[in-house]
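Asks: I have a structure I would like to understand better, so I am pasting it below and will then ask my questions one at a time.
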Amino acid sequence: MKEIHNLKMINFVYILMLVGLIFVLYLYICQTKTKSMSKSPLFISGEILKRAKEQGLSISNMSLQKLLFIANGAYLAKTGNPLIDEPIEVWQFGPVVKSVYHEFKNYGSTDIKHIPSSNRLGEDKNLDATAEEALEFVLEVASKLDAIQLSNWTHLPDSPWSNAKEAGQNIISNEVMQGYFKQFIKKKED
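Next comes the structure, spelled out in structure tokens:
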């Protein structure tokens, strides 16, 4: 009789563990599905350049760096997740995504003429609605501001780049960008 009771207890414990495991797995799957996936900055750059070309806009490397910064910040403010999967660095003349800078540095201050190969090849090209909104927004910005104006905006006092530069940091944190860009998202929604 005691053995049967022990067997029932063991089965009960196994069932409880199995239910707990299924619940944890369910939570993980739900979190993974709702969490946005960052893209390579070269892919996002390619999307910006491709769409800019379709709209007749010219984009230099300097402009592209600032537009990536703005797109990433807007996306962070809305989702809490970065749009790009590389850090934005604090360089002397503003925020820079290193891989994008090196991809297009040969253009100097002239307009970029080619779309990076990562945009043409096998990367997952699906963008969520918030990423699409961020890209539309930066293209609207690009149609109104030139590279110098964009640079001046990123250098404003209390901007993420200015604060990171003053603090001697090499990277602009996603948390700082998220907080900074939330003020603009709230103004736009009001």
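Counting in my numbering, the sequence shown runs from 8 upward without gaps.
All C-beta atoms, glycine included, are put in the ideal place defined by N, C-alpha and C.
This one's a predicted model, so the numbers in the text were calculated from it and none came from an experiment.
1) Note down the Cα distance separating Leu49 from Ser106, rounded to an integer number of angstroms.
2) Buried or exposed: Ala136, going by 16 or more other Cβ atoms within 10 Å of its Cβ?
3) If you draw a straight line from the C-alpha of Leu142 to the C-alpha of Leu56, how long is it?
4) According to DSSP, is Pro48 helix, strand or coil?
5) Report yes if the C-beta distance between Val145 and Leu90 is below 8 Å; otherwise report no.
6) What's the gap between the Cα of Lys112 and the Cα of Asn88?
7) Check for me: the alpha helix (DSSP H) holding Gly80 runs from which residue to which?
8) DSSP three-state label for Gly6, please.
9) Checking the sheet assignment: what are the DSSP bridge partners for Trp98?
10) One question on the structure: do Val104 and Trp168 come within less than 8 Å of each other, judged by their Cβ atoms?
11) When the Cα atoms are used, what is the spatial distance from Ala84 to Gly115?
12) In the DSSP assignment, what are the bridge partners of Ile179?
13) Within the same chain, show all residues whose beta-carbon is closer than 8 Å to that of Ser45, passing over the 5 residues directly before and after it, in chain order.
14) Considering Ser150, what are the terminal residues of the alpha helix (DSSP H) in which it resides?
15) Measure the C-alpha to C-alpha separation of Asn79 and Pro94 and round it to an integer number of angstroms.
16) When you compare only the Cα positions, how much space is there between Phe188 and Ser180?
17) For Leu64, tell me which candidate among Ile119, Met184, Phe191 and Ser166 has the shortest Cα-Cα distance.
18) Whose C-beta lies closer than 6 Å to the C-beta of Met184 among residues of the same chain, with five residues either side of it excluded?
Replies: Inspection of the coordinates gives the following:
1) Numbered from its first residue, the sequence shown carries residue 49 at position 42. Numbered from its first residue, the sequence shown carries residue 106 at position 99. Rounded to whole angstroms, the gap between the alpha carbons of Leu49 and Ser106 is 7 Å.
2) Within the sequence shown, residue 136 is the residue found at index 129, counting from 1. Classified as exposed, Ala136 has fewer than 16 neighbouring CB atoms from the shown chains inside 10 Å of its CB.
3) Counting from one through the sequence shown, the residue named residue 142 turns up at place 135. Counting from one through the sequence shown, the residue named residue 56 turns up at place 49. Taking the straight line joining both Cα atoms gives about 10 Å.
4) As a first step, residue 48 is located in the sequence shown; it is residue number 41 there, counting from the start. Correct three-state label for Pro48: helix.
5) Looking up residue 145 in the sequence shown gives position 138. Looking up residue 90 in the sequence shown gives position 83. Going by C-beta atoms, Val145 is not nearer than 8 Å to Leu90.
6) Taking the sequence shown and counting its residues from 1, one reaches residue 112 at position 105. Taking the sequence shown and counting its residues from 1, one reaches residue 88 at position 81. Between Lys112 and Asn88, the C-alpha separation is close to 28 Å.
7) Working through the sequence shown from its first residue, we reach residue 80 at position 73. Unbroken alpha helix (DSSP H) run through Gly80: Asn68 to Thr86.
8) It is not possible to answer for residue 6, since the shown part of the chain is limited to 8 through 197.
9) As a first step, residue 98 must be located in the sequence shown, where it is residue number 91. The beta-bridge partner set that DSSP reports for Trp98 consists of Gly101.
10) For the purposes of this step, residue 104 is taken as the residue at position 97 of the sequence shown. For the purposes of this step, residue 168 is taken as the residue at position 161 of the sequence shown. No, they are not a contact pair.
11) The sequence position of residue 84 within the sequence shown is 77, counting from 1. The sequence position of residue 115 within the sequence shown is 108, counting from 1. About 31 Å.
12) By 1-based counting over the sequence shown, the position of residue 179 is 172. Ile179 is bridged to Ile95.
13) The residue labelled residue 45 in the question sits at position 38 within the sequence shown. Excluding residues within five positions, the ones whose Cβ falls inside 8 Å are Asn88, Pro89, Leu90, Ile91 and Asp92.
14) Counting from 1 along the sequence shown, the entry for residue 150 is found at position 143. Note, Ser150: alpha helix (DSSP H), Ala136 to Lys151.
15) As a first step, residue 79 is located in the sequence shown; it is residue number 72 there, counting from the start. As a first step, residue 94 is located in the sequence shown; it is residue number 87 there, counting from the start. Those two C-alpha atoms are separated by around 10 Å.
16) Residue mapping note: residue 188 aligns to position 181 of the sequence shown, counting from 1. Residue mapping note: residue 180 aligns to position 173 of the sequence shown, counting from 1. Near 12 Å, if we compare the C-alpha coordinates of Ser180 and Phe188.
17) As a working note, residue 64 is residue 57 in the sequence shown. That would be Ile119, whose Cα lies nearest to the Cα of Leu64.
18) Position 177 of the sequence shown, counting from 1, holds the residue named residue 184. Excluding sequence positions up to five before and after Met184, its CB lies within less than 6 Å of the CB of Gly80, Leu83 and Pro167, all in the same chain and listed in chain order.
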